[in-house]
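Structure first, then comments.
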């Protein structure tokens, strides 16, 4: 038992460092990474004071639940979808909406001229396909589709 505890103590800093690695997506809605808004999918931002124009997350899969004209998906729709998927972050595109210059998160793999509502579907294609199947079983999001994406944090 003592050897087990010592092993846990020895490995704990490594696990903590891995969880704080820049780019790591934070898909648990109950534990978002700092520096993001409720409608964003968050990730660990780099530190160290190096000037940069943007930071990108690791690639991930998301199920696009629906798309609409730019800036037209209200927060209440995201919150309602989040209730359907409590263990997976539901996020929406709000970049440059509402005249808010600090709304600085965008996403790759989507048309920037449209809004979308999506749910994080995992790091692998097979996880994404399983999430898409779960979304389709709800019969609430016709046309839902799988996308490989990254979160882009644009520094002000």
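Numbering (the numbering used here), first residue to last: 1 to 156.
The beta-carbon is built from N, C-alpha and C at its ideal position, and this holds for glycine as well.
No experiment lies behind these values; they were computed from the predicted model shown.
| Item | Value |
| --- | --- |
| Taking 7 Å as the threshold (C-beta atoms), are residue 64 and residue 118 in contact? | yes |
| What number of angstroms, rounded off, separates the C-alpha of residue 110 from the C-alpha of residue 149? | 8 Å |
| Taking 8 Å as the limit between beta carbons, can you name the residues of its chain near residue 21, skipping five residues before and five after? | 44 |
| Please classify residue 143 as buried or exposed, where buried requires at least 16 neighbouring CB atoms within 10 angstroms. | exposed |
| Would the beta-carbon of residue 66 fall within 7 Å of that of residue 141? | yes |
| Measure the C-alpha to C-alpha separation of residue 23 and residue 137 and round it to an integer number of angstroms. | 31 Å |
| According to the neighbour-count rule (16 or more other Cβ atoms, all chains shown, within 10 Å of its Cβ), is residue 17 buried or exposed? | Since pLDDT at residue 17 reaches only 39, below the 50 mark, its modelled position is unreliable, and no value is offered. |
| On the criterion of 16 or more Cβ atoms from any shown chain inside 10 Å, does residue 104 qualify as buried, or is it exposed? | buried |
| Using alpha carbons as the reference points, say which of 132, 134, 123 and 127 lies closest to residue 151. | 123 |
| Using the C-alpha atoms, what's the distance from residue 108 back to residue 133? | 23 Å |
| Would you tell me roughly how many angstroms separate the C-alpha atoms of residue 27 and residue 129, rounded to the nearest one? | 16 Å |
| Rounded to the nearest angstrom, what separates residue 54 and residue 42 at their Cα positions? | 14 Å |
| Taking C-beta to C-beta, are residue 120 and residue 89 nearer than 7 Å? | yes |
| Taking the C-alpha atoms as reference points, what is the distance between residue 49 and residue 126? | 37 Å |
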